[in-house]
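Here's the structure we're looking at; comments come further down.
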Amino acid sequence: MKPEVLEALKKYLFQLADDELIMGHRNSEWTGIGPILEEDIAFASMAQDEIGHAQAFYLLLTELGEQEPDFLAFFRKYNEFRCCHLVEYPIGEYDFSLTRHLFYDVQEMLRLKWLAQNSQYEPLKNLASKLIREEKYHYMHAVTWFQQLTNGSEEAKIRMQNAVNFSYPLAMSLFEPASYHEILVKEGMVPAEKDLEKLWIAELQGIIEKTPIKLPEVSEPNKYYGGRNGYHSEHLEPLIKEMSEVFMIDPYAKW
Amino acid sequence: MQSGDMMITKENILEYLEAVKDPEIPVISLVDLGVISDIQIFDNEIIVELTPTFAGCPAIEYMRKNVEEVLQEKGFNVKAVINYNKVWSSDFISEKGLQKLQEFGLAKPSKTDEDLLKTFKNVECPKCHSKNTQLLNPFGPTLCRAIHHCHDCKETFEQFKTV
């Protein structure tokens, strides 16, 4: 592999892994406080899947000469992360977490599908085929609950519409184009973010059609850009600190 | 590799590995679960490859060590490795394995289908074998289990997830 391709590929793998790790960490925060027991279990279970997926992506990086997964997850500074702003925001109320879950997982499903079918980087193609089988459950969970709640009481509708109005512009950060994408797109390793965004909007419209929800106009699509290049919202730094707290007490402890 | 005067075959190793059970479902062996995805026998080393059921399965490292221990006890120089890049599917569980799951009280996974919702319908209750059942939660107490309810015997039961 050409050195410039390798360098770009590593950045992309960090992007995938970091999105999963931070999303997983946020979802794990519902453990013990879910609105009903079933949802408590669902969010905890999805968190475990996502953190497992992050580990698998970090492992691809280890195979390319980077450090071990635990090191990559816990030892980097917050501005070395490449996650998008959408996953960084605190869990807020359940309406926000559920809407974010829908936006995020529809995106992930489409991205993994593309990688599993088309990626010219074999290890990523294989891993995507494996993960997609688990992601189907997340997708189904998100769509089912979103459609249930938005077709529920007046209060539910208002809450969900507000959550959509807040989360939709934020979700544009999932598709932030970065310079390292270009060479990878040319090599046929990853999808172009613009193309993925179009697929995502179409898929989302299909889901939202069955609800009274309206997607808002986005006046500034790049408002929440920056994550792919290490520029994050104010929420990431404290999250990383909290996430690494136990590990940092004794990084060499044997578990 | 040899054991005494015998040439060791993959079949021998698989037989020994029957002793390694899934720590979360201790009645089913890793062989029947379809987790043992490759065995390579060299002159002085055996390499066993495991493919995790779910990428985030916390039991996989425990299983890997267990594979090494069981074969080391038999006197082999063995290395067990985890391959995250291979796809595992619940379709890989053997007939014997499916039987064991049911005896353990878990409903069998359905055959995989593009339409995930279809795989959740009318799952057979492991207690009374009725198919008058309903999915309660696609997520359960471990990553690989979903929760259903049986309308006939009124039991709530877990199913090994279809993936």
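As they're listed, the protein sequences go chains H and X.
In case it helps, our numbering puts the first sequence at residues 16 to 270.
In case it helps, our numbering puts the second sequence at residues 47 to 209.
Note that beta-carbon positions come from the ideal geometry of N, C-alpha and C, so glycine has one too.
Only a predicted model underlies this, so the values are computations on that prediction, with no experimental measurement involved.
Cβ neighbours of residue i in the same chain (closer than 6 Å, five flanking residues each side left out)
i	result
H68(H)	E35 and L146
L181(X)	F166 and H194
A207(H)	V200
M204(H)	S134, Q135 and Y136
V73(X)	K146 and F150
A62(H)	G39, N42 and S43
A143(H)	L127, L130 and A131
A171(H)	L164
Cross-strand partners of residue i (DSSP beta bridge)
i	result
S75(X)	K67(X)
K125(X)	I93(X)
T202(X)	H195(X)
A153(X)	Q205(X)
L185(H)	Note: L185(H) sits in no beta bridge, so no partner.
Of the listed residues the options, nearest to residue i (C-alpha basis)
i	options	result
L117(X)	L60(X), N183(X) and G80(X)	L60(X)
F203(X)	L147(X), K164(X) and D159(X)	L147(X)
E170(X)	L144(X), E160(X), V124(X) and I71(X)	L144(X)
L189(X)	E149(X), A126(X), A65(X) and S136(X)	S136(X)
L96(X)	K157(X), D161(X), L76(X) and R191(X)	L76(X)
Y93(H)	E257(H), A268(H), D64(H) and G167(H)	E257(H)
V81(X)	K67(X), M53(X) and K154(X)	K67(X)
C99(H)	F262(H), I264(H) and R243(H)	R243(H)
P253(H)	E232(H), P105(H) and S194(H)	P105(H)
P231(H)	P50(H), A268(H) and M175(H)	M175(H)
P69(X)	A126(X), A105(X), F88(X) and L79(X)	A105(X)
E191(H)	E218(H), N166(H), I37(H) and N237(H)	N237(H)
Element boundaries [alpha helix (DSSP H), containing residue i]
i	result
S194(H)	S194 to K201
D34(H)	P18 to S43
Q70(H)	L52 to E78
N133(H)	Y109 to N133
R148(H)	E137 to T165
M258(H)	L251 to I264
V205(H)	V205(H) -> no alpha helix (DSSP H), and no H or E assigned at all.
F4(H)	An answer regarding residue 4(H) cannot be provided, because it is not within the stretch 16 to 270 covered by chain H.
N112(X)	I106 to E119
V102(H)	H100 to E103
Residue i, enclosing beta strand (DSSP E) - first and last residue
i	result
R191(X)	R191 to C196
I82(X)	I82 to I87
N183(X)	T179 to N183
Same chain only: Cβ atoms within 8 Å of residue i, ignoring 5 sequence neighbours per side
i	result
Q162(H)	I222, K225 and T226
L101(H)	R115, F118, Y119, S182, L185, A186, S188, L189 and Y239
C174(X)	C196, D198, C199 and E201
S107(X)	The displayed chain sequence assigns Glu, not Ser, to residue 107(X). Within the same chain, E107(X) has close Cβ partners I128.
V124(X)	E91, I92, I93, V94, V113, E114, L117 and Q118
Close Cβ partners of residue i (< 7 Å) along its chain, the five nearest in sequence each way excluded
i	result
E123(H)	E150
K140(H)	L130, A131 and S134
E83(H)	T77
A193(H)	R243 and N244
Chain-ordered neighbours of residue i on chain B, where CB pairs are closer than 8 Å
i	result
N183(X)	Although the question refers to chain B, the structure presented lacks it and instead comprises the protein chains H and X.
Does the contact criterion of 3 or more C-beta pairs under 8 Å hold for the segment 63-83 of chain H versus the segment 206-220 of chain H? Using a Cβ-Cβ distance cut-off of 8 Å, the segment 63-83 of chain H and the segment 206-220 of chain H are not in contact, since fewer than three pairs of beta carbons, one from each stretch, lie closer than that value.
Q | Touching by the beta-carbon criterion (3+ pairs, under 8 Å), the segment 94-109 of chain X and the segment 120-130 of chain X | A | Yes, they touch.
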